[in-house]
Amino acid sequence: MLRLLLLALFSFSVLVASGQQVRGRVVDAGSGKPMYMIPVAWDGTASGVLTDSGGHFVIEKHPKSHLLLTRYMGYATDSLIVHSAADTVVEIRLRRDGKVLKEVRIRGRRRATFSKMTSIEQTEVITTEGLRGLACCNLGESFENSATVDVGYSDAVSGSKQIQLLGLTGVYSQMLLENVPFLKGLSAPFGLGYVPGQWMESISVSKGVATVKNGYEAITGTINLEYEKPHKGDRFSLNLYENSDLKSEITAKLNHRFNEHLATGLLVYGTYNAQRTDHIGHDGFADYPLQQQLNVVNRWDYEAPSGFHSQTLFNYIHEYRLGGDMRFEKEMRGSDSIYGFGGTTDRLHFFTKNGFRLSNTASFGSQVAATWFRQDAYYGMSDYRGEEKNLYVNLLVNAEVAGGHTVDYGVSFRYSDVDERLGYFPYLGAVTQNWFGDGDNFDYREILAGLFGQFTFLYGDRFNATLGLRYDYSVPPEERQQVMFAHYAGSDFRSYALTPRLHFRWNVWHDWILRGSIGRGFRTPNLIAENFGILASGRRIVLNEWIAREEAWNGGLNLSKRFKVGDDREASLTVDFYRTSFVSQAVLDLDVAADEAHIYNLDGQSYSNVLQADFSIEPLDGFSLSLAGKLNDVWCTYHNQLMRKPYTSFWKGLLVLSYHTRFDKWRFDLTTQLNGPQRLPLNKGTHQGQTDPYIYMLGQVTRKFKRFELYAGIENITGYVQPHPVIGYDAPFSSAFDASIVYAPLMGRLYYIGLRFNVM
Amino acid sequence: MKKILIVVLLVAISSVTYAQNKKNTKTAEISIPGYCCKGLNATIEKTLAYERGVVEWTLHQDKKSVTVVYREGKTDPVKIEKALAANGVRTANEKPNPRAIEKLPACCQPAARGEASCNKM
Chain V
12 MLRLLLLALF
22 SFSVLVASGQ
32 QVRGRVVDAG
42 SGKPMYMIPV
52 AWDGTASGVL
62 TDSGGHFVIE
72 KHPKSHLLLT
82 RYMGYATDSL
92 IVHSAADTVV
102 EIRLRRDGKV
112 LKEVRIRGRR
122 RATFSKMTSI
132 EQTEVITTEG
142 LRGLACCNLG
152 ESFENSATVD
162 VGYSDAVSGS
172 KQIQLLGLTG
182 VYSQMLLENV
192 PFLKGLSAPF
202 GLGYVPGQWM
212 ESISVSKGVA
222 TVKNGYEAIT
232 GTINLEYEKP
242 HKGDRFSLNL
252 YENSDLKSEI
262 TAKLNHRFNE
272 HLATGLLVYG
282 TYNAQRTDHI
292 GHDGFADYPL
302 QQQLNVVNRW
312 DYEAPSGFHS
322 QTLFNYIHEY
332 RLGGDMRFEK
342 EMRGSDSIYG
352 FGGTTDRLHF
362 FTKNGFRLSN
372 TASFGSQVAA
382 TWFRQDAYYG
392 MSDYRGEEKN
402 LYVNLLVNAE
412 VAGGHTVDYG
422 VSFRYSDVDE
432 RLGYFPYLGA
442 VTQNWFGDGD
452 NFDYREILAG
462 LFGQFTFLYG
472 DRFNATLGLR
482 YDYSVPPEER
492 QQVMFAHYAG
502 SDFRSYALTP
512 RLHFRWNVWH
522 DWILRGSIGR
532 GFRTPNLIAE
542 NFGILASGRR
552 IVLNEWIARE
562 EAWNGGLNLS
572 KRFKVGDDRE
582 ASLTVDFYRT
592 SFVSQAVLDL
602 DVAADEAHIY
612 NLDGQSYSNV
622 LQADFSIEPL
632 DGFSLSLAGK
642 LNDVWCTYHN
652 QLMRKPYTSF
662 WKGLLVLSYH
672 TRFDKWRFDL
682 TTQLNGPQRL
692 PLNKGTHQGQ
702 TDPYIYMLGQ
712 VTRKFKRFEL
722 YAGIENITGY
732 VQPHPVIGYD
742 APFSSAFDAS
752 IVYAPLMGRL
762 YYIGLRFNVM
Chain E
22 MKKILIVVLL
32 VAISSVTYAQ
42 NKKNTKTAEI
52 SIPGYCCKGL
62 NATIEKTLAY
72 ERGVVEWTLH
82 QDKKSVTVVY
92 REGKTDPVKI
102 EKALAANGVR
112 TANEKPNPRA
122 IEKLPACCQP
132 AARGEASCNK
142 M
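Respectively, the protein sequence lines represent chains V and E. Each residue of the first sequence is one higher than the last, beginning at 12 in my numbering. Each residue of the second sequence is one higher than the last, beginning at 22 in my numbering.
Listed below in structure tokens is the structure:
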């Protein structure tokens, strides 16, 4: 019971605007019988519910109050402290006399990462506490302490990073911002750079298929980001960062509360690096492009006493990058003698979430999000222009049915208008071969309407299971659409998608928790944006058929246990296995020839098996250690041959050490990653076949003072880098050129210092 | 890691000797009427730990107060009370910062707001 509450304290919200719920049961402590019609309310508020005949209750978590009171004549008033309520199940035992105050020991410090024991999905949460130990300029650098997510560069000129979850690229997982779809479509290639690390309050990474509430995607997992909330955040905070390559960053956060209902927040981020360096390969190519970014968020939160809750967020990003040859300047765009990379991106994102209670046991939530995205980029002489507009509407109802079980149902609508244009590769004269329609357009428009429902079965706090189903109908595509809802080229057009998903959580024995999930998922590929790295090469893109919507099944099991070591120490152990198997997939085949990239529909098997184990312990006060290991077994059929998927480590090991002195005055963090070998695709370079394993380390020291803190750290302590990331750098406009073969860090040892200041 | 631990130890030792060498200390008892549960201890201690001129302190849960030994000239009881209030602790003379109150453990919040008094520890 106490443990459960502790868990609740450490949990974060993963639910939608309809709010978090605390469910539980009131029983007579003497007889153990359920108590009927007992009021349960949040202390100091008017929101309360009555228990049903089984003693069960479900109460919306009140944003202000954390004290759950149960008062009944003849019984002592009981109170429970519930900080965060995501999927919390509590049991209240009322005693006939005497006062009982269950006090929960509140630890002064949050853990850096933890796995959520109470949620039905396997979720790993990276907290602010964890992010503070990393320089984490942006989301791409926030997963260093997690073995679940792998991060790598997509090519050696653009500086953009890609994530992998369960051995597959990040596009098969769903990126959410406060439970609303966020980075998708064309935003994917540079998307990790659009989320400043300092803005985030937490990152939740769930493995396996998600529930059906957020669409039919999320095949390998969900990454949900929570930005700082204006009601809770400090009035002002500032972060300044500078590294040894003269990259500067500034993050400012301002929160203002008009009254107890209305609050607003302004988040501003800017980055600028003044110089290009060429430490790696000494090939005349910049290690990292010049980069400027301005990123602004304004958000509004309104909470009415009636329970109505509204959150609205506006985000604007402007980014400019310039890389490639060290001599290249902006004006030289289109030059056929000096290779340059450049790009300008503008992105507007908006969401509004509104929720209210329909009754004591039901709530309604709405999510509306819109994105406008435009990118104008070039790699050497190939031009890329992408424009995307999308609108997303999701309406959902959560209601309790008899016996504490719940149902969720709703409708969703999505409109995406994607326009990708790829200019010529004059050095080879090769645009995509046998192209349909007018040459180089990869346009499509998708109109999707969906219906979904799920049922959550609850058996005390021992077992719960969620069975969900969604049906999505797609308006038939226009003729010139390249990516469409046909199962295969031109024939067998299918306008619907049926997505079943099942999750369960079972407390098997003494808090050994077994979780499982299985389900189907779909997604529409964006052929160029998702394979952006190949543009940084002289490879000829060969596309001979219409690419179908991708379809895959994912299933997995997870066993976790939290131990008590001694009086007050905790240790946790998690072991999980997930398998993803594709029914149809857009395959990028780099192994036909070293100067070609073929894109076609999967013909044969494509799967990923991933086994991972995590262990963490706090052996001494202030000292914590976590250890993780992972095996990736990822295969795909390339031109009738089953081969390992390139750029996927066969295994990975991780050791995270953290030590802090009393009152957090000093803090030391050290992360060591052991990256296993990867298979390289055919290329024109000297390195073929498998890569060597390598060690990547980073460390940081933080000193905290009364009003500010200073930090200094080193990235890539061992200094291991890929020796010659740009293949054929002396002939960048020929088919010998390939900067897309990246398997190791592209930045050498990097020192940084920073300052954080805040006014509560 | 070993090196880091040695550095930590050195810093810890030097700061202890530094504190002992100082004279001109005074003692003040600061009343904390908002003290309601042990959850507040961490906040009080953390505040005092970061306060310039504070040498040591003793918490008296029964008396709802804290005895602070401080260096004269570096700080005074008024400054200490202000620092506590800035972190959400209600003292005899200072009202706490409302945003900081929300970061306190739930059991301490009503008393910090001045909404309720509590009798039980």
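Cβ coordinates follow ideal geometry from the N, Cα and C atoms, glycine included.
For Trp78 of chain E, the secondary structure class from DSSP, reduced to helix, strand or coil, is strand. Secondary structure at Pro98 of chain E: helix, using DSSP grouped into helix, strand and coil. If you ignore the 5 residues before and after Leu478 of chain V, its C-beta comes within less than 6 Å of the C-beta of Phe466 and Leu513, all in its own chain and listed in chain order. Distance check between Gln322 of chain V and each of V:Leu691, V:Ser377 and V:Gly567 places V:Ser377 closest, using alpha-carbon atoms only. Per DSSP, the continuous beta strand (DSSP E) segment holding Gly232 of chain V begins and ends at Gly232 to Tyr238. Residue-level contact by beta carbon holds for Leu78 of chain V and chain E, with a gap shorter than 7 Å. A check of alpha carbon separations from Gly765 of chain V across V:Leu721, V:Phe748, V:Asp749 and V:Tyr740 identifies V:Leu721 as the nearest. DSSP places Ile131 of chain V in no beta strand (DSSP E); its state is neither H nor E. Assigned with DSSP and collapsed to three states, Pro692 of chain V falls in coil, not helix or strand.
A check of alpha carbon separations from Ala297 of chain V across V:Val408, V:Leu570 and V:Val168 identifies V:Val168 as the nearest.
Ranked by Cα distance from Ser751 of chain V, the first of V:Asn225, V:Ser635, V:Arg551 and V:Arg425 is V:Arg551. DSSP places Val206 of chain V in the coil class of the three-state scheme, outside both helix and strand. Taking a cut-off of 8 Å on C-beta distances, the segment 248–261 of chain V does not touch the segment 222–231 of chain V, as fewer than three cross pairs fall below it.
Listed by position along chain V, the residues whose Cβ is nearer than 7 Å to that of Glu123 of chain E are Lys243.
Leaving aside the five residues that flank Val422 of chain V on each side, the residues in its chain whose CB is nearer than 6 Å to its CB run, in chain order, Leu406 and Leu462.
The alpha-carbon of Leu642 of chain V is positioned some 45 Å away from that of Glu66 of chain E. Going by DSSP, Ala132 of chain E is part of the alpha helix (DSSP H) stretching over Gln130 to Arg134. Contact with chain V is found for Ala70 of chain E, since one of that chain's Cβ atoms lies less than 7 Å from the residue's Cβ. A contact is defined here as three or more CB-CB pairs under 8 Å, and the segment 234–249 of chain V meets this definition with respect to the segment 260–267 of chain V.
Rounded to the nearest angstrom, the gap between the Cα atoms of Ala381 of chain V and Asp387 of chain V is 20 Å. Nearest to Glu136 of chain E by alpha-carbon distance, out of E:Pro54, E:Asn45 and E:Ala49, is E:Pro54. Burial of Val220 of chain V is indicated by the presence of at least 16 other C-beta atoms within 10 angstroms of its C-beta. Among the residues of chain E, none has a CB under 8 Å from the CB of Lys240 of chain V; the nearest is roughly 11 Å distant.
The Cβ-Cβ distance between Asn727 of chain V and Arg760 of chain V falls below 7 Å. Nearest Cα to Lys84 of chain E within the set E:Glu123, E:Val75, E:Asn118 and E:Ala113: E:Ala113. Listed along chain E are Tyr71, each with a C-beta nearer than 8 Å to that of Phe716 of chain V.
In the structure shown, Asn62 of chain E falls within a helical segment according to DSSP collapsed to helix, strand and coil. Beta bridge pairing from DSSP links Lys400 of chain V with V:Trp383 and V:Asp428. In the three-state reduction of the DSSP assignment, Leu666 of chain V falls in the strand class. Boundaries cannot be given for Arg338 of chain V, as no alpha helix (DSSP H) includes it and DSSP labels it neither H nor E. Sorting V:Pro50, V:Gly170 and V:Pro657 by C-alpha distance to the C-alpha of Phe352 of chain V places V:Gly170 at the top. Close CB contacts of Arg385 of chain V within its chain, under the 6 Å cut and outside five residues either way in sequence, are with Asp357 and Glu398 (chain order). By the C-beta criterion, the segment 130–137 of chain V is judged to be in contact with the segment 207–221 of chain V, since at least 3 inter-stretch pairs fall below 8 Å. Proximity of the segment 561–573 of chain V to the segment 585–598 of chain V meets the contact definition, three or more beta-carbon pairs being nearer than 8 Å. Against chain E, a Cβ distance below 8 Å from Phe674 of chain V picks out Glu66, Lys67, Ala70 and Tyr71. Under the three-state reduction of DSSP, Met343 of chain V is assigned to helix.
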